[in-house]
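Report on one structure; see the data block that follows.
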Amino acid sequence: MDYRAPIAKARGLGSAKSGTHHWWMQRVTAVSLIPLSFWLVTFLNLTFTASYQQIVAWLSSPINSIAMITWVLMVFYHAALGLQVVIEDYVAASGVKIVTVWLVNLTMLVLAVTALLGVFRITLLG
Amino acid sequence: MAVNKRPTSPHLQVYRLPLTGIISITHRMTGVFLSGGLVLFVCIVAALAAGPEAFDSLQNVLKWWPIRVLYWGFVYALFFHLCHGIRHLIWDAGRGFDRDNMNSYALVELLGSLALTFITIIFV
């Protein structure tokens with residue numbers, strides 16, 4: 001007779017492991033990016049039309065710098081999650097797939113850190 | 127993974143995609159395109175951080191008209207991805223799966239993202 005409950009036999013098996021975390025974080029970042037996109041478009045339009053001093057002044061106002069820093073954190077996370085799904089769908093060879101996902105995640109991390117350092121430099125030293 | 131040589135059933139390329147299907151793949155393509163745009167965003171921030179001279183020389187490049195066209199393409203892709211993303215959130219809530227809804231929302235997305243792009247051009 002087997003005294004083990006079904007849950008004890010199932011635990012630790014299967015491939016899901018982290019479950020719905022990836023899917024859920026894609027949604028969480030997506031929702032936060034809806035309002036934050038307003039700041040991105042405003043910032044990009046300023047870089048086309050405004051002077052250096054005007055842009056630094058705009059970025060140094062607390063609401064704008066908080067929004068831009070949050071946008072950077074959310075957008076690079078969102079992009080890394082999204083690109084990972086695209087790679088997993090179209091790259092069949094598992095070795096290439098794993099390395100490409102790593103490289104994309106690393107690239108997104110480096111870009112995010114560069115952007116954050118840039119915003120800090122502009123707002124604190126600009 | 128070994129490539130399977132056995133015959134397969136007809137796949138995507140033999141079907142004429144409906145509007146909803148075209149929009150679905152466009153969502154993915156705009157996502158990849160926007161991710162590429164993030165590199166340019168980092169370039170702009172880096173130029174600003176490097177000081178006024180570096181930023182002025184970057185702004186001279188931005189004045190070039192093909193860059194302008196690319197920029198408006200980026201803004202349209204952003205709003206399209208945003209509109210279709212909202213639809214994905216509605217789907218996640220378990221709503222909007224009937225055929226009429228799917229087709230009408232597809233048109234709303236296309237027109238909405240165009241309208242948002244024009245509003246950005248005019249007002250921002």
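In the order they appear, the protein sequences are chains A and B. Under our numbering, read the first sequence as residues 1 to 126, first letter to last. Under our numbering, read the second sequence as residues 127 to 250, first letter to last. Every residue, glycine too, gets a C-beta built ideally from N, C-alpha and C. This one's a predicted model, so the numbers in the text were calculated from it and none came from an experiment.
C-alpha gap between residue i and residue j, whole angstroms
i       : j       : result
L109(A) : M1(A)   : 53 Å
T134(B) : V140(B) : 12 Å
W191(B) : Q185(B) : 12 Å
V119(A) : F205(B) : 24 Å
I170(B) : A241(B) : 26 Å
L196(B) : A92(A)  : 32 Å
E179(B) : A115(A) : 19 Å
L208(B) : S230(B) : 17 Å
S161(B) : A8(A)   : 43 Å
V99(A)  : L83(A)  : 13 Å
G199(B) : L236(B) : 14 Å
E88(A)  : Q54(A)  : 43 Å
M25(A)  : L73(A)  : 12 Å
G244(B) : R194(B) : Correcting the residue type first, residue 244(B) is Phe in the shown sequence and not Gly. Cα to Cα, F244(B) sits roughly 14 Å from R194(B).
D218(B) : A176(B) : 43 Å
R213(B) : Y3(A)   : 48 Å
H137(B) : Y90(A)  : 15 Å
V86(A)  : V158(B) : 9 Å
A112(A) : G95(A)  : 26 Å
R27(A)  : P62(A)  : 27 Å
K97(A)  : V104(A) : 11 Å
G222(B) : S150(B) : 15 Å
T20(A)  : A50(A)  : 43 Å
A10(A)  : D224(B) : 37 Å
Proximity of residue i and residue j at Cβ, strictly below 8 Å
i       : j       : result
Y52(A)  : D182(B) : yes
T246(B) : V41(A)  : yes
W102(A) : N64(A)  : no
L36(A)  : W58(A)  : no
A232(B) : T146(B) : yes
T107(A) : Y77(A)  : no
F43(A)  : L188(B) : no
I122(A) : L164(B) : no
Nearest residue (CA-CA) to residue i, options the options
i       : options                               : result
L66(A)  : R4(A), P6(A), L124(A) and Y3(A)       : Residue identity check: residue 66(A) is Ile in the sequence provided, not Leu. Nearest option by C-alpha distance: L124(A).
I148(B) : G177(B), G238(B), M228(B) and T243(B) : M228(B)
A79(A)  : W23(A), R4(A), A10(A) and K9(A)       : W23(A)
S239(B) : A172(B), T156(B) and D218(B)          : T156(B)
S32(A)  : W217(B), V234(B), I248(B) and G211(B) : G211(B)
M68(A)  : G222(B), F167(B), G163(B) and L143(B) : F167(B)
F249(B) : S18(A), N45(A) and P62(A)             : N45(A)
L117(A) : A172(B), F223(B), D224(B) and G220(B) : A172(B)
L215(B) : A5(A), A50(A), L81(A) and I34(A)      : I34(A)
R154(B) : D224(B), A203(B) and P144(B)          : A203(B)
Select from the segment 28-42 of chain A all residues with a C-beta closer than 8 Å to any C-beta belonging to chain B, and list them in chain order. A30, V31, L33, I34, S37, L40, V41 and T42
Could you run through the segment 75-86 of chain A and flag, in chain order, every residue whose CB is less than 8 Å away from some CB of chain B? V75, F76, A79, G82, L83 and V86
The segment 134-163 of chain B: which residues have C-beta closer than 8 Å to a C-beta of chain A, in chain order? R154, G157, V158, L160 and S161
May I ask you to list, following chain order, the residues of the segment 110-124 of chain A that have a beta carbon less than 7 Å from some beta carbon of chain B? L111, T114, A115, G118, V119, R121 and I122
Under 9 Å (Cβ pairs) to chain B, residues found in the segment 88-101 of chain A: D89, A92, A93 and S94
Tell me which residues of the segment 200-221 of chain B have at least one Cβ-Cβ distance to chain A shorter than 9 Å, keeping chain order. F200, V201, L204, F205, L208, G211, I212, H214, L215 and D218
With a floor of 3 residues, list each beta strand (DSSP E) that falls wholly inside the segment 139-209 of chain B, ordered by position along the chain. none
Run through the segment 23-62 of chain A for me and flag every whole beta strand (DSSP E) of 3 or more residues, listed as ranges in chain order. none
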